[in-house]
Structures are given as structure tokens and as C-alpha cells.
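Peer 1: Shown below is the structure under consideration.
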Amino acid sequence: AVAGAEELFTEGGYIVGVFPAGDWGEVAGAGIGLDGTSFVRPDPTKLLNLRSSFGWAYNFGRTVGVPTTNLAAGDVLDLETSNTSLWFGMGPELGRGEGDTRAFVFGTVGFNVHWTNSELNGTVGGQRYSANVGHSGTVFAWSAGLGLRRAIDSGPGGKLEISAEFRSGVGF
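Per our numbering, the sequence shown starts with residue 172, numbered consecutively.
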């Protein structure tokens with residue numbers, strides 16, 4: 172066995188900050204979630220590991236005004252959207268299995284299931300208007316990220332990890 176090497180199987184739980192980007196970022200608000208990640212290190216002297224991720228996130232409701240160019244004169248509508256996502260992915264993780272501080276990069280492919288709720292509220296033709304539309308779906312999803320893992324003397328698992336991840340497919 173290599174001194175200071177990772178175990179064959181390691182798992183961890185993470186609090187996730189969700190910050191939508193692109194068109195989805197124009198509609199959905201920031202969110203928070205939980206992610207359970209594990210990886211298998213078949214050989215601590217090699218860089219290649221297998222990583223899996225299973226998580227849940229909630230995007231808090233965000234309200235945006237419907238552009239007046241899309242409405243009749245005198246009409247005013249606001250759109251509020253919230254979203255819940257559940258994802259799973261597997262892929263490679265590259266990183267050293269030795270040392271107190273270990274850098275790593277990773278990528279996963281899998282799927283995302285989402286439940287979106289949209290409410291349209293305002294005034295149409297001088298009358299109060301309200302509509303609620305829900306949508307759900309499952310899409311292909313992928314992620315890529317990097318991070319640092321450090322051995323610590325106290326705490327669950329004896330490790331601390333900080334990482335950043337880009338995920339595509341969440342909320343679409």
C-alpha cells in the first residue's frame with residue numbers, strides 16, 4: 172500500500188450552489204442543492220479513477236416582467252419560474268492518489284430530470300390574469316470540473332474538498 176493514498180472507494184456529500192447561465196439564467200433564479208459523489212480508485216499509483224454523482228437542486232423562484240412589445244397596450248404581466256432538478260452522472264476523474272493535498276479534474280455524462288413551475292400574473296384587457304403551467308422532462312446531461320482534496324485531522328472521512336463544476340442539462 173502507498174502511504175497517504177486514497178482508499179479504493181471514497182464517497183462524500185456536498186452542498187451545491189446553483190447559478191443558471193445562458194437563456195435559462197434569464198428565467199430561473201439561483202438555487203441550492205445536495206450532491207452525493209463517490210469515486211473508485213482501482214490503483215492508487217495511477218491517475219485515472221471512476222467518478223459518480225447523484226444530486227438534487229432547487230432554483231428559487233425568479234420574477235421577470237414580460238416585455239411590453241409582447242403585450243397589448245395597457246397589459247402588464249410578470250413571469251415567475253422555479254425549478255427542481257435531480258441528476259445522475261458517471262465519468263473519469265484524473266488526480267493523484269498520494270499526498271496531503273491532491274488536485275483533480277473530472278467529467279461525467281448522465282441524465283437530468285427536472286420539474287419546472289411557471290406562474291404568469293398581471294393585467295390583461297383591464298382584468299386580473301393568472302395562469303400556472305408545470306413542465307417536467309428528462310434530458311442528457313454532462314459536467315466538467317476541477318478541485319482540491321486535502322487530508323484533515325478531524326471531521327468526517329478525514330478529508331476536505333473544494334471544487335467547481337459546470338453542468339449542462341440542469342433545468343432544460
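Glycine included, C-beta positions come from ideal geometry on N, C-alpha and C. Values in this document were obtained by computation on a predicted structure and should not be read as measured data.
Using a Cβ-Cβ cutoff of less than 6 Å, which residues in the same chain neighbour V284 once the five nearest sequence positions on both sides are dropped?
Peer 2: The answer, listed in chain order, is L257, T309.
Peer 1: Span of the beta strand (DSSP E) holding E197?
Peer 2: E197 -> not in any beta strand (DSSP E); alpha helix (DSSP H) instead, spanning 193 to 198.
Peer 1: Are three or more beta carbon pairs between the segment 290 to 308 and the segment 260 to 271 nearer than 8 Å?
Peer 2: Taking 8 Å as the limit for Cβ pairs, the verdict is that the segment 260 to 271 does not touch the segment 290 to 308.
Peer 1: Could you tell me the distance, in whole angstroms, from the CA atom of I186 to the CA atom of T240?
Peer 2: Between I186 and T240, the C-alpha separation is close to 40 Å.
Peer 1: What is the DSSP secondary structure of T240, reduced to helix, strand or coil?
Peer 2: Here T240 sits in helix by DSSP.
Peer 1: Who are the Cβ neighbours of V304 in its own chain at under 6 Å, not counting the five residues just before and after it?
Peer 2: Excluding positions up to five away in sequence, the list reads S289.
Peer 1: Measure the C-alpha to C-alpha separation of S209 and G196 and round it to an integer number of angstroms.
Peer 2: If you take the alpha carbons of S209 and G196, they lie about 29 Å apart.
Peer 1: State yes or no: is the C-beta of F282 within less than 8 Å of the C-beta of G316?
Peer 2: It is not a contact, given that the beta carbons lie outside the stated cut-off.
Peer 1: For S224 versus D206, is the C-beta distance shorter than 8 Å?
Peer 2: Yes. Within cutoff.
Peer 1: Might you give, ordered along the chain, the residues of its own chain that have their beta carbon closer than 6 Å to the beta carbon of S301, omitting 5 neighbours on each side?
Peer 2: Taken in chain order, the residues that qualify are N292.
Peer 1: So what's G293 in DSSP terms, helix, strand or just coil?
Peer 2: Residue state, collapsed to three classes: strand.
Peer 1: Assuming D249 is part of the beta strand (DSSP E), what are its boundary residues?
Peer 2: From DSSP, the beta strand (DSSP E) with D249 extends over 247 to 266.
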